[in-house]
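Trainee: Quick note: the sequence shown, position 13, residue 15 per my numbering, numbers continuous.
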Amino acid sequence: MIVYGTGYSPFVRKILLALAEKGVPCEHVPCMFHAPDAGFRAASPLGKIPAIDDGGFRLADSSAILWYLERKHPSPALVPTDPQALGRAVWFDKFGDTELVGKLLVPFLERVLKPNMMGKPGDEAAVAKALDTDLPPLFDYLEGQVSGAFLVGDAFSIADIAVATGFHNFHLAGAKVDAGRWPKLAAYVETIFARPSFVAAHGARKG
Numbered sequence: 003m004i005v006y007g008t009g010y011s012p013f014v015r016k017i018l019l020a021l022a023e024k025g026v027p028c029e030h031v032p033c034m035f036h037a038p039d040a041g042f043r044a045a046s047p048l049g050k051i052p053a054i055d056d057g058g059f060r061l062a063d064s065s066a067i068l069w070y071l072e073r074k075h076p077s078p079a080l081v082p083t084d085p086q087a088l089g090r091a092v093w094f095d096k097f098g099d100t101e102l103v104g105k106l107l108v109p110f111l112e113r114v115l116k117p118n119m120m121g122k123p124g125d126e127a128a129v130a131k132a133l134d135t136d137l138p139p140l141f142d143y144l145e146g147q148v149s150g151a152f153l154v155g156d157a158f159s160i161a162d163i164a165v166a167t168g169f170h171n172f173h174l175a176g177a178k179v180d181a182g183r184w185p186k187l188a189a190y191v192e193t194i195f196a197r198p199s200f201v202a203a204h205g206a207r208k209g
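#1: CA-CA distance, D162 and A177?
#2: Buried or exposed: where does R73 fall if 16 or more other Cβ atoms within 10 Å of its Cβ makes it buried?
#3: Residues in the same chain with beta-carbon distance under 6 Å from A87, minus the five sequence neighbours each way, listed in chain order, please.
#4: Mind checking F200: buried by the 16 CB within 10 Å criterion, or exposed?
#5: Can you check which of these residues, V148, D95, N171 and L174, is closest to T193 by C-alpha distance?
#6: Out of curiosity, what's the CA-to-CA distance linking A22 and F195?
#7: Whole angstroms is fine: what's the gap from F13's alpha carbon to Y70's?
#8: Please go through the same chain and pick out, in chain order, the residues whose beta-carbon is closer than 7 Å to the beta-carbon of F35, but skip the five residues on each side of it.
#9: Ordered along the chain, which non-local residues of its own chain (more than five positions away) have a Cβ less than 6 Å from that of A175?
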């Protein structure tokens, strides 16, 4: 299986994490949005990352790919079977993608991506807004949702992948979850980051 997309992207890391958890080998081809690589464009007609080519089967969008991987490689399961747990896992996948990650990426964009990769000055006012205004309500919500090692039930799932992966970019920007204000969330993030799959995926962040 070929996985297209830079490992700096939380959405690409979702796929690398799932593959690592399932023990499925892959060829990682780092590339940015709209890269001219012919294989990538065939797999992602809109030029978005991640995309995969699995023996000629091509697919883009991190959530769609996660569901495909779950059906093709069902063990270990990353999607709960209990109806309520399944609903929560799907919700957290959506919450991570649409509500959380974009705000977690602001410090990374302004402190890492712009100055180091785009040759542009970062905007610390935007960082301050993310840290002081936009992220605290989301952290408050997650603090109330963390009740154990995992977000849903007693097993690692797509919920943990989708929510935790963006915190890597957050850390790369020199930001941390305030353990005094959000102790359960801070401990949860550190616990998830210690998983071998996260360690492996974080090492594949370049490109």
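Beta carbons are placed, not taken as given, at the ideal position from N, Cα and C, and that holds for glycine.
Mentor: The relevant details are as follows:
#1: 20 Å
#2: exposed
#3: V154 and G155
#4: buried
#5: V148
#6: 13 Å
#7: Roughly 15 Å separates the two Cα atoms.
#8: G49, K50 and I51
#9: P109, F110, R113 and V114
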